[in-house]
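**Q** Residue 18 in my numbering sits at position 17 of the sequence shown; the count goes up by one each step and never skips. Dropping the structure in here first, questions after.
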Amino acid sequence: MTINVSRSLLPTPTGLLEIPALPEVAQTVRPVYFSLVVPTYNEGRNIQRIVSILTGLLDQTFPHDYELIVVDDDSPDRTWELAQQMLPDYPQLRVMRRQTERGLSTAVIRGWQVATGQVLGVIDGDLQHPPEVLPQLLQKIAQGADLAVASRHVEGGGTSDWGVVRRFLSRGAQLVGLVILPSVVGRVSDPMSGYFMVRRSAISHCLMNPLGYKILLEVLGRGQVREVAEVGYVFQERQEGESKVTWRQYVEYLGHLVKLRSRGRISRFTAKFPVDRFLRFGLVGLSGVAVDLAAFYLLRVHLGLPIARSTMLSAEVAVINNFLWNDLWTFGDISQNQPGTRQRLKRFLKFNLVCLAGIILQALLVSLLHDAFGMNEFGSKLMAIVLVTFWNFWINLKLSWRVTDVRK
Ligand SMILES: Nc1nc2c(ncn2[C@@H]2O[C@H](COP(=O)(O)OP(=O)(O)O)[C@@H](O)[C@H]2O)c(=O)[nH]1
Ligand SMILES: [Mg+2]
């Protein structure tokens, strides 16, 4: 009889995609510390392996204090049934077979709705997310992060052997996201990650309404996530089964960004525009102008270099000047948490790229203001400088000096 009970499937929640708070959960069941959802669709060839690896790992860390929730969308290959067969031997395993809804993001939320953990996580069911990273993610949460994301784009992260096109598409999608929804997409280095954990308290009672694949966007866009931490991981190649990603997911991704944006939730994270920081950034920018002119004078007059070379070199000297001041002063508090020459070099490279993009943007704006709106040349240039300074500041804040670690 016990076997019958333990072999039964979880009920599938319906209605609003809202996660209850812990006190409500605790009234009906004994909560665990950690609930990990594994969304699956046609993962029959992976499911048993991943369940046994994950439980093996979690049994060591949280014996009896975790649950593994497989949420399968009624896969034609009967993934859910294969998982169900494991129930008697894996007491921490739960299985849900969804028959009325489909889609990765909603599957994850439905899983979290029946979860009892204080910490809610998600990992792909195809072994492309290395399970060994789990303890590191959990450690970040224990250290105070509200959200710990496994990232391909930080130290220790990567993609096994992705071709140029795939990398380009992935980064392109990220860039589009940064333009449409900078305050959400810019908070993590890998906003497309489907491998992360979040404190229940950060997302309980937020009405979710995701579109498509990118559940992390939804968590960042609607939750109350304060501290974010990242852990590098290498996205493995699929050994068994097939990816379900098609061109449709790219379209859904764009729709998801627009949807999140139009809900006006952005202001909630950014809270207020960081005026202090912006003023410091502006002052550093002005110092850069002086440095630029002085270096130009030195190179052109004293060293007699050609004008084009002097211009480029003096501009780079100004970029270095600005970077150093910004790194020490404007964003000093953030840099402190990302120590080491390597990290600094990375920030410097990003800063350079942003400056370069800023120059191009400035040129475009000047010609637009001048040619299309008939503004005079210097007026256009001044206006373009002001606009690009704002843009520059924002992108640098979100990209070069992004906060990615838990405050010490
Ligand atoms: N429940 C559920 N899981 C899905 C769905 N689509 C994909 N998945 C699962 O989500 C994970 C990631 O999907 P995958 O197709 O491998 O994406 P990729 O790794 O980006 O190519 C895998 O475990 C899939 O089985 C879906 O519609 N419903
Ligand atoms: Mg996959």
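All C-beta atoms in this analysis are idealised placements derived from N, C-alpha and C, irrespective of residue type, glycine included. Bear in mind the structure is a predicted one, so any value in this text is a computation, not a measurement.
What are the complete alpha helix (DSSP H) segments, minimum 4 residues, inside the region 233-290?
**A** Listed in chain order, they are 248-263 and 267-271.
**Q** Where F391 and R153 are concerned, what is the direct C-alpha to C-alpha distance, given to the nearest angstrom?
**A** Position 390 of the sequence shown, counted from the start, is the residue given in the question as residue 391. Position 152 of the sequence shown, counted from the start, is the residue given in the question as residue 153. Straight-line Cα distance between these residues: approximately 29 Å.
**Q** Tell me which residues share the same chain as S311 and place their Cβ nearer than 6 Å to its Cβ, disregarding the 5 neighbours each side in the sequence.
**A** The residue you call residue 311 lines up with position 310 of the sequence shown. Around S311: F297, L300 and R301.
**Q** From G187 to N327, what does the alpha carbon distance come to, in whole angstroms?
**A** As a first step, residue 187 must be located in the sequence shown, where it is residue number 186. As a first step, residue 327 must be located in the sequence shown, where it is residue number 326. Those two C-alpha atoms are separated by around 19 Å.
**Q** Do the CB positions of D147 and R227 come within less than 7 Å of each other?
**A** Taking the first residue of the sequence shown as 1, we reach residue 147 at position 146. Taking the first residue of the sequence shown as 1, we reach residue 227 at position 226. Yes, the Cβ-Cβ distance between D147 and R227 is below 7 Å.
**Q** Closer than 7 Å is what we want: which residues have a beta carbon that near any heavy atom of ligand 2? List them in chain order.
**A** Qualifying residues come out as D125, D127, Q129, R239 and S244.
**Q** Candidates L208, L261 and K351: which alpha carbon is nearest G222's?
**A** As a working mapping, residue 222 is identified with position 221 in the sequence shown. Selected option, being the one with the closest Cα: L261.
**Q** Nearest-angstrom Cα distance between C356 and P275?
**A** Working through the sequence shown from its first residue, we reach residue 356 at position 355. Working through the sequence shown from its first residue, we reach residue 275 at position 274. For C356 and P275, the distance between alpha carbons rounds to 20 Å.
**Q** Do W330 and R264 come within 7 Å of each other at the CB atom, strictly closer than that value?
**A** Taking the sequence shown and counting its residues from 1, the one referred to as residue 264 is at position 263. Taking the sequence shown and counting its residues from 1, the one referred to as residue 330 is at position 329. In this structure, W330 does not lie closer than 7 Å to R264 by Cβ.
**Q** Spatial neighbours of Y196 within its chain, please: CB distance less than 6 Å, with the 5 preceding and 5 following residues excluded, ordered by chain position.
**A** Indexing the sequence shown from 1 puts residue 196 at position 195. Result list for Y196: I124, H130 and A151, in chain order.
**Q** Can you tell me which of the three DSSP states S205 falls into?
**A** Residue 205 sits at position 204 when you count from the first residue of the sequence shown. Residue state, collapsed to three classes: strand.
**Q** Considering L37, what are the terminal residues of the beta strand (DSSP E) in which it resides?
**A** By 1-based counting over the sequence shown, the position of residue 37 is 36. Taken as a continuous stretch (DSSP letters only), the beta strand (DSSP E) holding L37 covers F35 to T41.
**Q** Thinking just about the alpha-carbon of each residue, which of N322, P14 and H371 is nearest to the one in G112?
**A** On the sequence shown, residue 112 is found 111 positions in, with the first residue counted as 1. Checking every option, the nearest Cα to that of G112 belongs to P14.
**Q** Decide if A22 is buried, meaning its Cβ has at least 16 other Cβ atoms within 10 Å, or exposed.
**A** The sequence position of residue 22 within the sequence shown is 21, counting from 1. Exposed.
**Q** In chain order, what residues of the same chain have a beta carbon less than 6 Å from the beta carbon of S336, not counting five sequence neighbours either side?
**A** Residue numbering aside, residue 336 sits at position 335 when the sequence shown is read from its first letter. Result list for S336: D328, in chain order.
**Q** When you measure from the CB of Y42 to every non-hydrogen atom of ligand 1, does any distance come out below 6 Å?
**A** Stepping through the sequence shown from its first residue, residue 42 is reached at position 41. True, at least one ligand heavy atom lies under 6 Å from that Cβ.
**Q** Alpha carbons only, please: which of R168, S368 and E241 is nearest the one belonging to N43?
**A** Along the sequence shown, one-based indexing puts residue 43 at 42. With distances taken between Cα atoms, N43 lies closest to E241.
**Q** Classify A230 as buried or exposed, calling it buried when 16 or more other Cβ atoms lie within 10 Å of its own Cβ.
**A** Position 229 of the sequence shown holds residue 230. Per the 10 Å Cβ criterion, buried.
**Q** Any idea what DSSP makes of R95, helix, strand or coil?
**A** In the sequence shown, residue 95 corresponds to position 94, counting from 1. If DSSP states are grouped into helix, strand and coil, R95 belongs with the strands.
**Q** Quick one, are the C-beta atoms of M198 and G126 less than 7 Å apart?
**A** Position 197 of the sequence shown, counting from 1, holds the residue named residue 198. Position 125 of the sequence shown, counting from 1, holds the residue named residue 126. Taking 7 Å as the Cβ cut-off, M198 and G126 do not qualify as a contacting pair.
**Q** Need the endpoints of the beta strand (DSSP E) that E378 sits in, please.
**A** Reading the sequence shown from its first residue, position 377 is the one you call residue 378. Here E378 belongs to no beta strand (DSSP E); instead the alpha helix (DSSP H) covers E378 to I396.
**Q** Give every residue of the same chain whose Cβ lies closer than 8 Å to the Cβ of P132, excluding the five residues on either side of it in the sequence, and list them in chain order.
**A** As a first step, residue 132 must be located in the sequence shown, where it is residue number 131. Correct list, in chain order: I51, I54, L55, L58 and I124.
**Q** Could you pull the start and end residues of the beta strand (DSSP E) that I70 belongs to?
**A** In the sequence shown, residue 70 corresponds to position 69, counting from 1. Where I70 is concerned, the enclosing beta strand (DSSP E) stretches over Y67 to D73.
**Q** Let's see if you can read the secondary structure: which residues bound the beta strand (DSSP E) around A149?
**A** As a working mapping, residue 149 is identified with position 148 in the sequence shown. Looking at the DSSP string, the run of the beta strand (DSSP E) that includes A149 is L148 to S152.
**Q** Roughly how many whole angstroms lie between the Cα atoms of S190 and F279?
**A** Along the sequence shown, one-based indexing puts residue 190 at 189. Along the sequence shown, one-based indexing puts residue 279 at 278. Going by the C-alpha atoms only, they are around 22 Å apart.
**Q** Is E317 helix, strand or coil when you go by DSSP?
**A** Along the sequence shown, read from residue 1 onward, the residue named residue 317 stands at position 316. Helix.
**Q** Taking the Cβ atom as the reference point for each residue, do T117 and V30 lie within a distance shorter than 7 Å?
**A** The sequence position of residue 117 within the sequence shown is 116, counting from 1. The sequence position of residue 30 within the sequence shown is 29, counting from 1. Yes.
**Q** Could you tell me the distance, in whole angstroms, from the CA atom of W395 to the CA atom of P183?
**A** On the sequence shown, residue 395 is found 394 positions in, with the first residue counted as 1. On the sequence shown, residue 183 is found 182 positions in, with the first residue counted as 1. Spanning the two alpha carbons is a distance of roughly 9 Å.
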